[in-house]
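Heads up: the sequence shown is residues 1 to 231, going by full-length UniProt numbering. For every residue, glycine included, the Cβ atom is placed at its ideal position computed from N, Cα and C. These notes are about the structure you will find just below.
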Amino acid sequence: MLSYPEAPKRTGVPREVIKWLQSLDLSYCPRNYRRDLSNGFITAEIFSWYYPDDIQMHSFGNGKSLNTKLGNWSQLEKFFIKRNLNFSKELIDGTIHCKPGAAELLLQEIYVMVTHRRVKGIQDGDVDFTDRHYQDGLPMVARSTATKAVKSNITLSEILAEPDIDVNKQKVQAVISDHYQQRQRERMADPSQTDSQTNVTFKEINVNQGDRSYVSSSLSSTTPPSTLSGP
């Protein structure tokens with residue numbers, strides 16, 4: 001029987017970061033970082049300890065809906081700008097949409113920022129919240145098709161947060177392009193490997209008018225990566 005590596009459920013957080021988090025006496029201590037940091041409530045609570053005059057917790061909700069997440073993070077982004085705290089858009093979006101490793105990296109960056117301490121192994125440079133590392137660990141026959149790659153790397157909440165179908169097409173095309181580039185590299189290493197052609201179609205996603213206007217105002221600053229070309 002073939003044995004495949006498990007998909008990474010979460011990235012480890014250094015012990016010193018966990019101890020620091022526990023010392024803050026938060027309303028609850030996150031255990032599943034990807035889920036618990038997604039709505040921004042814990043992030044707001046952490047910063048309220050260091051900037052009590054800027055963060056008022058009564059204005060943050062602790063729900064799981066997309067509207068709650070976007071509302072909380074919209075407030076946090078304004079606070080980050082005011083205090084000149086630099087978090088990448090990719091990191092924030094990755095945390096909102098529960099991308100593997102994003103919440104853990106965000107937590108470590110917050111720790112470094114507010115304690116002025118170093119964390120061993122913290123990631124520098126470009127971030128990659130796709131499942132590429134997991135796929136590289138699989139046998140060739142078990143790796144994703146282009147369609148599966150899209151499903152694995154673009155979440156429903158991402159699509160709902162950006163109702164513009166053209167923007168979502170660009171995201172899908174970026175995933176497919178990366179998938180086929182990886183396949184080409186694999187074929188160069190092993191010419192016996194072949195790919196089947198995959199057709200991807202797009203459908204308009206219905207979003208309630210109230211949600212659409214809210215999402216549009218909350219994420220008006222979101223733009224597709226400059227390296228992508230239009231459909």
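Which of helix, strand or coil does DSSP assign to R34?
helix
Please state the DSSP three-state secondary structure of N67.
helix
R15 in three-state terms, based on DSSP
helix
Within the same chain, show all residues whose beta-carbon is closer than 7 Å to that of L76, passing over the 5 residues directly before and after it, in chain order.
G40, T43 and A44
Contact check, T95 vs S48, beta carbons under 8 Å
no
Less than 6 Å between C-beta atoms, sequence neighbours within five positions excluded: which residues of the same chain meet that for E16?
none
Can you tell me whether Y111 is helix, strand or coil according to DSSP?
helix
Output the distance between the C-alpha atoms of Y33 and Q181, rounded to the nearest integer angstrom.
31 Å
If you measure between the beta carbons of E109 and F87, is that distance less than 8 Å?
yes
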